[in-house]
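Note sheet for the following structure.
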Amino acid sequence: MVVGDLGTGVCNMKLKVYRGTGLLSESTLLDLPTGLVSFLMDLHEPRTPAIAVASGPFIYVYKNLRPYFKFTLPSLEVNPLEQDVWSQAKE
Numbered sequence: 001m002v003v004g005d006l007g008t009g010v011c012n013m014k015l016k017v018y019r020g021t022g023l024l025s026e027s028t029l030l031d032l033p034t035g036l037v038s039f040l041m042d043l044h045e046p047r048t049p050a051i052a053v054a055s056g057p058f059i060y061v062y063k064n065l066r067p068y069f070k071f072t073l074p075s076l077e078v079n080p081l082e083q084d085v086w087s088q089a090k091e
């Protein structure tokens with residue numbers, strides 16, 4: 001089982017991997033994890049799953065429980081209508 005630990009929301013965010021009830025691996029994340037997915041990136045056997053974690057403007061890929069690659073996502077302008085809706089929801 002893979003878990004994105006939110007820590008305090010400002011620090012101590014971690015990616016934790018459990019096997020059964022024991023902690024198998026733990027990696028520090030620089031920002032809050034917002035999404036996590038496992039996928040197969042190898043075509044040859046044995047096909048070991050990789051893990052992608054969305055955190056801030058990055059997607060981190062972990063392979064064999066180790067950091068493997070970091071994708072940087074381009075920044076986008078926020079739609080003004082959506083910004084207004086979020087501002088109203090905040091009030």
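Position 83 of the sequence shown, counting from 1, maps to 83 under full-length UniProt numbering, and the rest follow consecutively. C-beta atoms are modelled at their ideal positions from N, C-alpha and C, and glycine is treated no differently. Values in this document were obtained by computation on a predicted structure and should not be read as measured data.
With a threshold of 16 other CB atoms inside 10 Å of the CB of S87, please say whether the residue is buried or exposed. exposed
Could you tell me the distance, in whole angstroms, from the CA atom of L65 to the CA atom of K16? 10 Å
Cβ pair count under 8 Å reaching 3, the stretch 10-27 against the stretch 39-49: no
Reference I59; option with closest CA among Q83, S38, G22, L24: S38
Exposed unless 16 or more other CB atoms sit within 10 angstroms - verdict on K74: Note that residue 74 is Pro in the sequence shown, not Lys. Exposed.
According to DSSP, which residues form a beta bridge with A89? Answer is none; A89 lacks a bridge partner.
In angstroms with no decimal places, state the Cα-to-Cα distance between V85 and M13. 29 Å
Start-to-end residues for the beta strand (DSSP E) that takes in L23: 22-28
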